[in-house]
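Scroll down for the structure; my scribbles are underneath it.
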Amino acid sequence: MQHQRVEALLELSGVSPTNDVVEIVSAVQDAPDPETAVCNVMGVINVQSPLLQDKWRKHVAQMWFASHPNIPTSFALPFKTGDVAYAHVLLEAQSLLREIAHTPVDADNVLEEEVRLAQGLSVFRGDTIAVRRMMALLEELRLIRFYQNQFQVVRSRTQRFQELPLPGQFYLLWHADMYHLEWRQFDPDYGVSLSVFQQYLPMVWEMLVHRHEGTVQRIDELTWQVVRAFRPLWQQQGGIIRSGMQSMVGLYEQSLLQSMVETHLVQKSLARYGLISYEDDVSFTWTAAGEALLDAERMGTLPCAADLLP
12 MQHQRVEALL ELSGVSPTND VVEIVSAVQD APDPETAVCN VMGVINVQSP LLQDKWRKHV
72 AQMWFASHPN IPTSFALPFK TGDVAYAHVL LEAQSLLREI AHTPVDADNV LEEEVRLAQG
132 LSVFRGDTIA VRRMMALLEE LRLIRFYQNQ FQVVRSRTQR FQELPLPGQF YLLWHADMYH
192 LEWRQFDPDY GVSLSVFQQY LPMVWEMLVH RHEGTVQRID ELTWQVVRAF RPLWQQQGGI
252 IRSGMQSMVG LYEQSLLQSM VETHLVQKSL ARYGLISYED DVSFTWTAAG EALLDAERMG
312 TLPCAADLLP
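Position one of the sequence shown corresponds to residue 12 (our numbering), numbered consecutively onward.
Have a look at this one:
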């Protein structure tokens with residue numbers, strides 16, 4: 012049935028079937044994720060018609076999921092394995108899961124354990140807050156749990172997580188991090204300002220609408236743009252510091268607020284998830300994953316991660 016459908020689409024596309032059918036089916040089945048399968052096939056057949064391109068995309072995705080019956084069809088995500096394979100957040104998650112599976116975390120000595128993990132796992136570069144945040148993220152996804160005074164890996168659920176294509180693992184971490192964790196608990200000094208910023212992240216995605224793969228941007232320009240856009244929200248909800256009768260808005264924006272945006276948006280979200288690549292200390296380039304993920308966020312086509320790993 013798959014071969015017949017591919018033959019029909021090849022004829023519609025003006026491509027001679029010959030041996031292409033078997034090659035296409037094999038390429039789809041061997042692809043690490045549905046988006047990679049689509050890109051591989053579209054690169055071979057070179058279809059110009061938007062209508063036929065849409066038919067091919069849908070059929071190739073259906074073929075991929077049919078050959079991977081354990082993967083929910085809701086994991087048809089808009090980025091490829093190669094786009095996210097080296098995202099730092101995936102390295103953090105896999106390193107910490109392996110370590111906790113080998114040596115559960117002693118809940119009576121959490122601070123000491125965070126130091127041990129931060130220093131023992133090079134991916135964390137000695138940052139105990141990064142360890143704490145990733146542990147909270149894994150707990151949010153129920154990949155680890157508190158049991159018998161230890162944090163232990165939930166082996167069956169972790170196995171299902173690790174069997175997912177990398178884009179699926181990546182997206183589960185992203186969604187839980189952006190929308191289910193409370194960033195303020197890891198950086199309480201920013202208080203209400205950080206809570207308001209995280210609450211209105213969809214507004215940030217809308218602001219980034221013209222950022223495409225390869226676009227170079229200065230960090231200070233992005234942080235200033237975000238600070239200006241968020242000023243009314245911060246003022247409304249008490250996130251702007253005032254001293255007596257004199258507003259400290261200018262000084263606050265230039266120092267604390269821009270620093271907050273750089274830390275939590277640029278460093279801990281965009282760079283950590285591989286959505287940008289640093290050019291130097293003052294600028295970065297948007298990646299394919301950055302363009303694809305933020306486009307999907309704006310269009311509201313991404314699923315809730317809580318529904319993808321029940």
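Beta carbons: idealized from backbone N, C-alpha and C, even for Gly.
- Inter-residue distance for D200 and T47 is about 42 Å (C-alpha atoms, whole angstroms).
- Per DSSP, Q161 is one residue of the beta strand (DSSP E) stretching across Q161 to V164.
- The Cβ atoms of T298 and E290 lie no closer than 7 Å to each other.
- Inter-segment contact for the region 213-228 and the region 304-321 is present: three or more beta-carbon pairs are separated by less than 8 Å.
- The straight-line gap separating the alpha-carbon atoms of F241 and V272 is approximately 11 Å.
- Note on H113: under 16 other CB atoms within 10 angstroms of its CB, so exposed under the neighbour-count rule.
- Counting only the Cα atoms, S60 lies some 31 Å from A96.
- Here S204 is buried, its C-beta having at least 16 other C-beta atoms within 10 Å.
- Counting C-beta atoms within 10 angstroms of its own C-beta, P321 has fewer than 16 neighbours from the protein chains shown and is therefore classed as exposed.
- Around the C-beta of Y284, 16 or more other C-beta atoms lie within 10 Å, and the residue is accordingly described as buried.
- Here the alpha carbon of A147 sits roughly 16 Å from the alpha carbon of F181.
- Around the CB of D117, fewer than 16 other CB atoms lie within 10 Å, so the residue is classed as exposed.
- Straight-line measurement puts the Cα of D292 at about 13 Å from the Cα of T274.
- Per DSSP, reduced to three states, the secondary structure at I82 is coil, with no helix or strand assignment.
- Taken in chain order, the complete alpha helix (DSSP H) segments of 4 residues or longer contained in the region 38-67 are 45-56.
- In the three-state scheme derived from DSSP, where H, G and I count as helix and E and B as strand, Y97 is classed as coil.
- When C-beta atoms of the region 97-107 are compared with those of the region 51-60, fewer than three pairs fall below 8 Å, so the two segments do not count as touching.
- The three-state reading of DSSP puts V36 in helix, counting H, G and I together.
- Proximity of the region 76-85 to the region 157-165 falls short of the contact definition, fewer than three beta-carbon pairs being nearer than 8 Å.
- According to the DSSP secondary-structure assignment, S288 is paired through a beta bridge with T296.
- V116 sits in a strand when the DSSP states are folded into three classes.
- An exposed status is given to A19, since fewer than 16 other beta-carbon atoms sit within 10 Å of its beta-carbon.
- Apart from the 5 residues on each side of it in sequence, G179 sits with its Cβ closer than 6 Å to the Cβ of F86 in its chain, given in chain order.
- The Cβ atoms of Q269 and T312 lie no closer than 7 Å to each other.
- Between L152 and A187, the CB-CB gap stays under 7 Å.
- For L244, the closest alpha carbon among the candidates V207, Q159, F197 and D231 is that of V207.
- Annotation: the continuous alpha helix (DSSP H) that includes Y182 extends over L177 to Y190.
- DSSP, read as helix, strand or coil, puts F90 in coil.
- The Cβ atoms of V142 and E125 sit closer than 7 Å to each other.
- DSSP assignment within the region 195-251 yields the following whole beta strand (DSSP E) runs of 3 residues or more, N-terminal first: 227-229.
- Spatial neighbours of L281 in its own chain (CB-CB distance under 8 Å, excluding positions within 5 residues in sequence) are listed in chain order as I287, F295 and G301.
- In the DSSP assignment, R143 falls outside any beta strand (DSSP E) and lies within the alpha helix (DSSP H) extending over T139 to E151.
- In chain order, I140 and R144 place their CB closer than 6 Å to the CB of F197, counting only its own chain and leaving out the 5 sequence neighbours on each side.
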